[in-house]
Amino acid sequence: MRILLIEDDTTTADFISRSLKEAGHNVQHCTDGKDGLLTALDSPFELMIVDRMLPSLDGLSIIRSVRGADNNIPILVLSALGEVDSRVEGLQAGADDYLAKPFACSELLARIDALARRGGGAQEATRFTLDDLEIDLLSHEVRRAGKLIPMQAREFRLLEYLMRHQGQVLTRTMLLENVWDYHFDPQTNIIDVHISRLRGKIDRDYDTKLLHTVRGAGYVMRMPVSE
Amino acid sequence: MAIRLSGSTTLKLALLYLLLFTGSVLVLSGFLYWATAGYMERQTRATIETEIQGLSERYEQTGLAGLSFTINQRLKRNPTSASIYLLTDPSGNRILGNLDRWPKINPDAQGWVELWLSSDKVLDDKAHPARAQLFTLRGGFRLLVGRDMEYLRSIELLILEALGWGILLTTLLGLAGGLWMGRRFLRRVEQLDHTAQEIMAGDMNRRMPLRGSDDELDSLARTLNRMLDRINELMIGVKQVSDNIAHDMRTPLSRLRQTLESAQDNRLSQPEQQLRVEQAVQEADHLLSTFNALLRIGNIEARHQRQAFEQLSLNQLLDDVVELYEPIAEDRQQLIEFEQVSVPAIQGDRNMLFQVLANLLDNALKYSPEQGLIQVTMTQPVADRIEISIRDSGPGIPAELQDKVFQRFYRMEKSRTTPGNGLGLSLVRAVCDLHNIKIQLQNTAPGMEIKLLIAA
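From first to last, the protein sequence lines are chains A and B.
Just so you know, the first sequence maps onto residues 1 to 227 in the numbering used here.
Just so you know, the second sequence maps onto residues 228 to 683 in the numbering used here.
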C-alpha cells in the first residue's frame with residue numbers, strides 16, 4: 001500500500017517508516033505541512049498518516065484541504081494531544097481515525113489495516129464464516145459446526161467485529177472503541193476477560209482454535225498457523 | 228521606588244484634602260462675615276431711616292422748635308453716643324447738631340452719604356467713617372441723621388482678622404492633617420507593598436498585617452491573605468504531586484532499567500532475551516499510561532474540555548459499565564446488584580463519565596472479597612438531584628483518609644499490593660469537578676459507599 005507520512009519528528013517518522021516498510025508498505029515521508037499537502041494532492045496514495053502539529057501548516061488544515069478537494073483517502077491522525085476533545089476535533093476535520101502519541105507500533109499497524117479495508121470494501125455482508133464458525137447478522141445467530149451458540153448482545157457485537165476483520169490484528173483499544181463505543185482507559189485487563197468468555201463459547205470445545213492472542217498487540221480471528 | 232511613589236501620592240492626597248478643607252472654610256467665613264458685619268450695617272441703616280422718619284414727622288407736627296427740642300434732648304441725654312445730627316436752614320447755615328458743617332458730598336439715590344469725622348464730630352479727611360442720611364424738610368430746612376461707624380468698623384475688622392487667622396490656621400491644620408492622613412493611609416499601603424515584596428522574595432509564610440479596624444484596607448489585607456493561603460496550598464499540592472511523581476516513577480523506571488540490563492546478558496537464550504524485552508516494553512507501557520493519566524487529570528482540571536459536552540443518558544452509561552465489568556465479578560464470584568430508576572438526560576462528556584463509573588466499579592470489585600456483594604444503584608430522591616451509589620463489601624476507607632484518597636498517587640498501605648497507579652480516584656474527582664458532581668464517601672461497615680450527587 002502506498003502510504004504518505006507527514007511527520008516532523010524524525011525519530012518517530014523513522015520508526016513508523018521502518019515498521020510500515022517491514023509490514024510491506026511503500027512509505028513516502030514529508031516533514032513539513034505545506035510539502036505534505038502538496039505531495040498529498042499531487043500523487044495518488046492509498047492512505048495518509050498525518051501528525052497534528054507540523055511546521056508551516058498544521059495537520060487538521062491539511063486534512064480539511066484534502067477533504068475539500070473531494071479526496072476520500074483514509075487518513076489517520078497522530079497527535080501528542082491524546083485527549084477526547086482533540087480527538088473529536090480531528091475526526092470532525094475529516095480524519096478517519098486518531099491515534100495518540102505515544103503508541104505501540106502494533107496499534108498503528110492494526111489501525112492502518114482496518115482503515116485500508118474500510119476504504120476498500122463497501123459491501124455490506126450479513127454473514128461471516130471462518131472455518132466452521134458462522135455468524136448471521138440478520139438472525140443474530142452464531143453457529144459452530146452447525147451447533148447454535150447462545151450469545152449475549154455485547155458478545156455478539158464483539159464476535160461480529162472480530163469476524164468482520166478476520167485475519168487482522170485488533171488491539172484492545174480498538175475493541176473498546178468499536179464494540180463498546182467508549183474511549184476510556186480501563187485500569188484492568190477487562191477486554192481479556194470478555195475475550196476469554198467468548199473463547200469459552202466458540203473455541204473451548206473445538207480442536208481448531210480460531211480466536212488467537214497476539215502477544216503485545218491484541219487479538220486476531222483466523223485459522224491457526226502451524227509452525 | 229516605593230518611597231518616591233508614596234511621597235508624591237501623599238502630597239497629592241494632602242493637597243486635595245487641603246483644597247477641599249480651605250474651600251469649605253472660605254465659604255463658611257464668607258457666610259459668617261455676611262451674617263454678622265453685614266447684619267450690623269443693615270441694622271444701622273434701618274435705625275437711621277426710622278429715626279429720620281420719626282424726626283420728620285415731629286417737624287410736621289411741632290415745627291422747627293419741636294424738632295430742635297427733640298434733637299437737643301437726644302444729644303444731651305447721650306452726648307457720647309455715636310449718633311450724628313445736623314439741622315441747617317435753607318441756605319446751609321448750621322442751626323444745631325453735633326456736626327460742624329454740612330458735608331459737600333452728593334448723596335446717592337436713597338439720600339445716603341459716607342462721611343469721615345474726627346472724634347469731636349468735625350468733618351475731616353481721616354479718622355472715623357460715618358454713614359448719614361440727608362433729608363430736606365418742608366420749608367427748605369435740611370436734616371442730617373447719621374451714625375459714627377467707627378465702632379462697627381472695628382468690629383468688622385475684628386471679625387475679618389479673626390477670620391483671617393482662622394483661614395490661616397485652617398490651611399495649616401488642613402495641610403498637616405492631609406499629610407498625616409495621607410501618610411497614615413499610605414503607610415499601610417506601603418506595609419502591604421513591603422510585605423508583598425518580602426513574600427515575592429521567597430518568604431511564603433509572611434502574611435499581610437491586620438490592624439483589626441475592619442476597614443477597607445483590612446479587608447483587602449484579609450483577601451490578600453486568603454489568596455496567599457490558597458496559593459500556598461496549591462504550591463504544596465504541586466510540590467507533593469511532583470514529589471510523588473518522582474517517587475512513583477522511580478520504581479518502575481529502575482525496574483525497566485534492570486530488565487533491559489538483564490536482557491543485555493549474552494548468556495541468555497534467544498527466547499529468554501525476547502521475554503525480557505517484552506517485560507521491558509510492558510514496564511514502559513505502564514509508565515506511559517501513568518503519564519497519560521496524569522496529563523489527562525491535569526487537562527481536565529484546567530477545564531479545557533467542556534466542548535465535548537453533550538446530552539447523555541446516565542441509564543445507558545450505567546448499563547454499559549455494569550455490563551462491561553460483570554464478567555470480572557463473575558470470575559471472582561462476586562455479585563453485582565444493580566438497580567436504577569429512569570432519569571432525565573444530563574449534559575456531560577460521556578467518555579469521561581464512563582471512565583469515572585468504570586474506575587469506581589473497578590475499585591469496588593478490586594477491594595471487595597471473593598464472593599462479595601457490590602451494589603450499584605441510581606435514584607432520584609428529589610426532582611433536581613440524581614444519586615449514583617456504588618457500595619462495596621471491602622475494608623472501607625478510614626474517615627481521616629477519605630480526603631487523601633483523591634490525591635494523586637495516594638495509595639493506602641493495604642492497597643499498595645493491588646495493581647493500580649494511584650490515579651484512579653484523582654481522575655474521578657477531576658471529572659466530577661468538571662461536571663459539578665459532588666462525591667460523598669461513607670463507611671458502611673462492612674464496605675463503603677461512594678455516592679455521586681448529580682444535578683438533574
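Here a beta-carbon is modelled for each residue, glycine too, at the ideal position from N, C-alpha and C.
These numbers come from a predicted model, not from an experiment.
Proximal residues to A/M151 (C-beta, below 6 Å), its chain only, five neighbours per side dropped: Residue numbering aside, residue 151 of chain A sits at position 151 when the first sequence is read from its first letter. When the five nearest sequence neighbours on each side are left out, the beta carbons in the same chain lying within less than 6 Å of the beta carbon of A/M151 are those of V142, in order along the chain.
First through last residue of the alpha helix (DSSP H) which encompasses B/L545: Start at 1 with the first residue of the second sequence, and residue 545 of chain B comes out as number 318. Segment 541-558, the alpha helix (DSSP H) holding B/L545.
Listed by chain order, chain A residues near B/E505 by CB distance under 8 Å: Walking along the second sequence from the start, residue 505 of chain B turns up at place 278. Ordered by position in chain A, the residues that pass the 8 Å Cβ test against B/E505 are R215, G216.
Proximity below 8 Å, CB of B/L652 to CB of B/R523: Along the second sequence, one-based indexing puts residue 652 of chain B at 425. Along the second sequence, one-based indexing puts residue 523 of chain B at 296. It is not a contact, given that the beta carbons lie outside the stated cut-off.
Rounded separation between B/R484 and B/D430 - CA only: Indexing the second sequence from 1 puts residue 484 of chain B at position 257. Indexing the second sequence from 1 puts residue 430 of chain B at position 203. The straight-line gap from Cα to Cα measures roughly 40 Å.
Members of the segment 540-568 of chain B that neighbour chain A once the beta carbon cut-off is set at 8 Å: Going along the segment 540-568 of chain B in chain order, one finds D547, E550, L551, Y552, P554, I555, D558 with a Cβ nearer than 8 Å to chain A.
Residues of the segment 183-195 of chain A whose Cβ lies closer than 8 Å to any Cβ of chain B, in chain order: Within the segment 183-195 of chain A, the qualifying residues are H183, F184, D185, P186, Q187, T188, I190, V193, H194.
Boundaries (first-last residue) of the beta strand (DSSP E) holding A/R143: On the first sequence, position 143 is the one that residue 143 of chain A refers to. 141-144 is the extent of the beta strand (DSSP E) around A/R143.
Spatially closest choice to B/Q574 from B/I382, B/I664, B/F368, by CA coordinates: Position 347 of the second sequence, counted from the first residue, corresponds to residue 574 of chain B. Minimum Cα distance to B/Q574 is reached at B/I664.
Close beta carbons around B/Q671, own chain, < 8 Å, minus the five adjacent residues each side: Within the second sequence, the letter at position 444 stands for residue 671 of chain B. The amino acid at residue 671 of chain B is misidentified as Gln; the sequence shows Thr. Taken in chain order, the residues that qualify are R618, G623.
Cross-strand partners of A/M221 (DSSP beta bridge): Within the first sequence, numbered from 1, the residue matching residue 221 of chain A stands at position 221. Note: A/M221 sits in a beta bridge opposite A/L211.
Whole-Å CB distance - A/I6 paired with A/L54, under 8 Å assumed: Indexing the first sequence from 1 puts residue 6 of chain A at position 6. Indexing the first sequence from 1 puts residue 54 of chain A at position 54. By a beta-carbon distance limit of 8 Å, A/I6 contacts A/L54. Their separation comes to about 6 Å.
Beta-carbon spacing of A/T208, A/P224 below 8 Å: Translated into positions along the first sequence, residue 208 of chain A becomes position 208. Translated into positions along the first sequence, residue 224 of chain A becomes position 224. In this structure, A/P224 lies closer than 8 Å to A/T208 by Cβ.
Validate contact between the segment 243-260 of chain B and the segment 399-412 of chain B using beta carbons, cut 8 Å, 3 pairs: Because the criterion of three Cβ pairs below 8 Å is met, the segment 243-260 of chain B and the segment 399-412 of chain B touch.
Extent of the continuous alpha helix (DSSP H) run through A/T126: Translated into the one-based positions of the first sequence, residue 126 of chain A becomes position 126. Taken as a continuous stretch (DSSP letters only), A/T126 belongs to no alpha helix (DSSP H), as it is neither H nor E.
Endpoints, the alpha helix (DSSP H) within which B/I463 is located: Your numbering for residue 463 of chain B matches position 236 in the second sequence. From DSSP, the alpha helix (DSSP H) with B/I463 extends over 443-491.
Burial state of B/N578, where buried means 16 or more other Cβ atoms lie within 10 Å: Indexing the second sequence from 1 puts residue 578 of chain B at position 351. A residue is called buried once 16 or more other Cβ atoms fall within 10 Å of its Cβ, and B/N578 is buried on that count.
Rounded separation between B/H513 and A/R197 - CA only: Here residue 513 of chain B refers to the residue found at position 286 of the second sequence. Here residue 197 of chain A refers to the residue found at position 197 of the first sequence. C-alpha of B/H513 to C-alpha of A/R197: approximately 25 Å in a straight line.
Any C-beta of chain B under 8 Å from that of A/R154: The residue given as residue 154 of chain A occupies position 154 in the first sequence. Chain B, which has a Cβ nearer than 8 Å to the Cβ of A/R154, makes this yes.
Straight-line gap, B/L539 to A/M174 (C-alpha atoms, nearest Å): Reading the second sequence from its first residue, position 312 is the one you call residue 539 of chain B. Reading the first sequence from its first residue, position 174 is the one you call residue 174 of chain A. So the alpha carbons of these two residues sit roughly 22 Å apart.
B/Q280 in three-state terms, based on DSSP: Taking the second sequence and counting its residues from 1, one reaches residue 280 of chain B at position 53. Helix.
Bounding residues of the alpha helix (DSSP H) (the contiguous stretch that carries B/F518): Position 291 of the second sequence, counted from the first residue, corresponds to residue 518 of chain B. Bounds of the alpha helix (DSSP H) holding B/F518 are 497-528.
Closest by C-alpha distance to B/S688, when choosing among B/A389, B/A448, B/G373, B/G366: The structure shown does not extend to residue 688 of chain B, since chain B is modelled only from 228 through 683, so no value can be given for it.
Through-space distance from A/I190 to B/G621, alpha-carbon basis: Sequence index remark: in the second sequence, residue 621 of chain B carries index 394 (1-based). Sequence index remark: in the first sequence, residue 190 of chain A carries index 190 (1-based). So the two alpha carbons sit approximately 20 Å from each other.
Test item: CB-CB of A/D58 and A/G94 under 8 Å: As a first step, residue 58 of chain A must be located in the first sequence, where it is residue number 58. As a first step, residue 94 of chain A must be located in the first sequence, where it is residue number 94. Going by beta carbons, A/D58 and A/G94 fall outside the 8 Å limit.
Buried versus exposed, by CB contacts within 10 Å (16 or more), B/T422: Here residue 422 of chain B is taken as the residue at index 195 of the second sequence, counted from 1. Note on B/T422: 16 or more other CB atoms within 10 angstroms of its CB, so buried under the neighbour-count rule.
First through last residue of the beta strand (DSSP E) which encompasses B/K678: Residue numbering aside, residue 678 of chain B sits at position 451 when the second sequence is read from its first letter. Annotation: the continuous beta strand (DSSP E) that includes B/K678 extends over 675-682.
Proximity to B/A591 [Cα-Cα], best of B/L668, B/R482, B/D441, B/L326: For the purposes of this step, residue 591 of chain B is identified with residue 364 of the second sequence, where counting begins at 1. When B/L668, B/R482, B/D441, B/L326 are compared, the shortest CA-CA separation from B/A591 is found for B/L668.
Contact check, A/S79 vs A/D51, beta carbons under 8 Å: Residue 79 of chain A sits at position 79 when you count from the first residue of the first sequence. Residue 51 of chain A sits at position 51 when you count from the first residue of the first sequence. In this structure, A/S79 lies near A/D51, with their beta-carbon atoms less than 8 Å apart.
Any chain B beta carbon closer than 8 Å to A/R197: For the purposes of this step, residue 197 of chain A is taken as residue 197 along the first sequence, with counting starting at 1. Using a Cβ-Cβ cut-off of 8 Å, A/R197 counts as an interface residue toward chain B, since at least one Cβ of chain B sits closer than that to its own.
Residues near B/A585 in its chain [Cβ-Cβ closer than 8 Å; skip 5 each side]: On the second sequence, residue 585 of chain B is found 358 positions in, with the first residue counted as 1. Within the same chain, and ignoring the five residues on either side of B/A585 in sequence, the residues whose Cβ sits closer than 8 Å to its Cβ are V548, L551, Y552.
Three-state secondary structure assigned by DSSP to B/I664: Position 437 of the second sequence, counted from the start, is the residue given in the question as residue 664 of chain B. If DSSP states are grouped into helix, strand and coil, B/I664 belongs with coil.
C-beta neighbour in chain B for A/P102, strict 8 Å: Along the first sequence, one-based indexing puts residue 102 of chain A at 102. Yes - at least one Cβ of chain B is within 8 Å of the one on A/P102.
A/R64 versus A/N71 - alpha carbon distance: Looking up residue 64 of chain A in the first sequence gives position 64. Looking up residue 71 of chain A in the first sequence gives position 71. Annotation: A/R64 to A/N71 spans about 10 Å, alpha carbon to alpha carbon.
N- and C-terminal bounds of the beta strand (DSSP E) containing B/G324: Here residue 324 of chain B corresponds to residue number 97 of the second sequence, with the count starting at 1. In the DSSP assignment, B/G324 falls within the unbroken beta strand (DSSP E) covering 321-324.
Where A/A122 falls, given that 16 or more other Cβ within 10 Å makes a residue buried: Residue numbering aside, residue 122 of chain A sits at position 122 when the first sequence is read from its first letter. Model confidence at A/A122 stands at a pLDDT of 47, short of 50, so the residue's coordinates are unreliable; what they give is reported in the following sentence. A/A122 is exposed by the Cβ-count criterion.
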